[in-house]
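*Asks:* Got a structure for you, written out below as structure tokens; questions coming shortly.
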Amino acid sequence: MKRILFIILAASLVLNGAAQTRAQVYMKRIPALPKDSCNVTRASVENFVSGVSAIRDELENEIEGIRESVESNMESNADVAEENVMKQMSQMYGISQADIDKMKNAKNMSEADKQALANKMLSQQANMTMDEVKNLSKMSEAGKQAYTEAYATEAMANAKNNPGQAARNNYAGNLYKTNVSQQAALSKINEINSRIAGLYSSIQNDPEMKKMLDRIQAWNSKLTSMMGIVSDREARVMDSLSLKIKNEQIAYCNRFTPQYRAALRKHIQIVRVSMPDFRNFGEISAETTKAQTGIEMPVEGKELASLEAIAEYLKALQGAYRYKLYYSEDN
């Protein structure tokens with residue numbers, strides 16, 4: 064009995080491990096934020112940065128590999144995409160195979176043939192001609208509204224009497240809904256990224272940062288210019304400058320590091336709670352690609368947004384010590 068329970072438990076662990084996504088695996092590998100980012104040795108800083116850098120490099124290499132896989136998949140299925148696009152044209156506009164063949168060789172078509180085909184497509188889909196479209200653009204707002212209302216009434220009547228037209232409208236509507244869903248998901252991702260960027264911009268735009276760095280640079284320049292054989296008085300001036308630089312560097316770290324650490328904590332929290340949004344964007348992008356081209360996106364391609372979000376956090380985490388300028392062991 065114990066052996067059976069052990070086997071069941073082991074199988075469960077294997078299945079759970081197999082079900083993990085790449086994003087989940089990398090989330091678990093993210094190093095914890097150091098407890099102190101100012102009172103540490105240079106060796107500790109280098110070890111931490113090296114560890115984060117190794118994971119980040121590994122992840123970015125995987126992201127690049129996935130992008131290449133997605134691109135290769137699209138290129139190898141170019142014929143499928145072309146066939147699907149032509150099928151869509153046929154379904155949406157009710158055009159014949161002969162017209163599709165003409166479109167494939169559009170460079171050999173005369174302007175008159177192009178105009179005729181455009182009129183045919185508009186007529187099938189919207190019951191309008193190119194001339195009517197041009198005239199519509201010249202109408203007043205009141206005229207456009209009246210025309211639109213009349214067109215809507217006519218379209219409803221045609222849909223009832225013409226099942227084929229209704230099917231084409233339905234197909235176009237579904238494609239439109241898919242595109243709208245993708246745009247909504249993309250807007251959500253952009254909003255998340257904007258929030259994350261705002262966490263750090265407030266630190267970088269602090270006017271006191273430039274003032275402190277300018278003071279440090281000025282004192283360093285003066286100290287460097289005094290190097291060589293100096294008098295006792297000059298030596299005391301140099302010691303005073305060195306102390307000023309040290310104290311300002313310590314103050315710089317103490318001022319900005321806590322802010323940066325707070326930003327990092329908020330950053331990773333946003334990434335964690337936004338994982339469903341990143342996954343949703345990947346799923347919708349795959350659906351849109353399939354709807355537009357007929358090509359199935361590789362499973363790993365759906366994780367790109369999630370992995371890129373993790374890579375961005377690792378990049379920020381790599382700079383956990385960016386405001387530490389003074390190391391006591393350097394004296």
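According to the working numbering, the sequence shown is numbered sequentially starting from 64. Note that CB positions come from ideal geometry on N, CA and C, so glycine has one too. Just so we're clear, the structure is a prediction, and the values are computed from it rather than from any experiment.
Taking the alpha carbon of E146 as the reference point, which residue from E375, K309, G357, P94 has its own alpha carbon closest?
*Replies:* G357
*Asks:* Starting from the C-beta of Y384, find all residues in its chain whose C-beta is less than 6 angstroms away, skip the five residues before and the five after it, and write them out in chain order.
*Replies:* The residues are S100, V108.
*Asks:* Can you give me the C-alpha to C-alpha distance between G291 and R328, rounded to a whole angstrom?
*Replies:* 47 angstroms
*Asks:* Hey, quick one: how far does the alpha helix (DSSP H) through P97 stretch, first residue to last?
*Replies:* Premise fails: P97 is in no alpha helix (DSSP H) and is neither H nor E.
*Asks:* Out of S250, L122, L276, G382, which has the shortest C-alpha to C-alpha gap to S348?
*Replies:* S250
*Asks:* Applying the 10 Å Cβ sphere with the 16-neighbour rule, what's the burial state of E366?
*Replies:* Under this definition E366 is a buried residue.
*Asks:* Taking just the CA atoms, how far does E392 sit from N102?
*Replies:* Each residue's CA atom was taken as its position, placing N102 and E392 some 12 angstroms apart.
*Asks:* I'd like the list of long-range same chain contacts for H330, defined as Cβ closer than 7 angstroms, with 5 residues on each side in sequence excluded.
*Replies:* I259, L262, Y376, A379
*Asks:* Of the residues R85, A86, G114, N124, which one's Cα is nearest the Cα of L96?
*Replies:* G114
*Asks:* Since K353 and E359 are thought to touch, with beta carbons under 8 angstroms apart, how far apart are those beta carbons, to the nearest angstrom?
*Replies:* Correct: roughly 6 angstroms between the Cβ atoms.
*Asks:* Kindly indicate the opening and closing residues of the alpha helix (DSSP H) around G114.
*Replies:* 105-139
*Asks:* Taking only three categories from DSSP, how would you classify K274?
*Replies:* helix
*Asks:* Since E350 is in the alpha helix (DSSP H), which residue starts that stretch and which ends it?
*Replies:* 295-356
*Asks:* Taking Cβ positions, are K274 and L304 nearer each other than 8 angstroms?
*Replies:* no
*Asks:* Are the CB atoms of T320 and K240 within a distance shorter than 8 angstroms?
*Replies:* The answer is no: Cβ separation not under 8 angstroms.
*Asks:* Got a sec? Which residues, its chain only, sit under 7 angstroms from E350 by beta carbon, not counting five neighbours each side?
*Replies:* T241
*Asks:* With distances taken Cα to Cα, identify the nearest neighbour of M338 among A281, T287, A248.
*Replies:* Between M338 and the set A281, T287, A248, the nearest pair of CA atoms involves A248.
*Asks:* Apart from the five residues just before and just after I93, which ones in its own chain have a Cβ nearer than 8 angstroms to its Cβ?
*Replies:* I118, I331, I373, Y376, L377, L380
*Asks:* Once the 5 residues before and after F344 are set aside, which same chain residues still bring their CB inside 6 angstroms of it?
*Replies:* A248, I252, A368
*Asks:* Under the three-state reduction of DSSP, which class applies to N283: helix, strand or coil?
*Replies:* helix
*Asks:* For the candidate residues E311, T287, Q312, whose alpha-carbon lies nearest to that of A300?
*Replies:* Reading off the sequence shown, one finds Val at residue 300, where the question assumed Ala. The candidate whose alpha carbon is nearest that of V300 is T287.
*Asks:* W282 and I308 look like a contact to me (Cβ under 8 angstroms); what is the Cβ gap, rounded to whole Å?
*Replies:* 5 angstroms
*Asks:* Inspect the beta-carbon positions of I279 and Q312 and report whether they are closer than 8 angstroms.
*Replies:* For I279 and Q312, yes; Cβs fall inside 8 angstroms.
*Asks:* Return the chain-ordered list of same chain residues with a C-beta closer than 6 angstroms to the C-beta of Y214, the five sequence neighbours on each side being excluded.
*Replies:* No answer about Y214 holds up, because its pLDDT of 47 lies below 50 and its placement is not dependable.
*Asks:* Which same chain residues end up closer than 8 angstroms to E125 when comparing Cβ atoms and leaving out the 5 residues on each side of it in sequence?
*Replies:* R85, L370
*Asks:* Could you check what DSSP says for G291 in three-state terms: helix, strand or coil?
*Replies:* coil
*Asks:* What would DSSP say about A383, mapped onto helix, strand or coil?
*Replies:* Here A383 sits in coil by DSSP.
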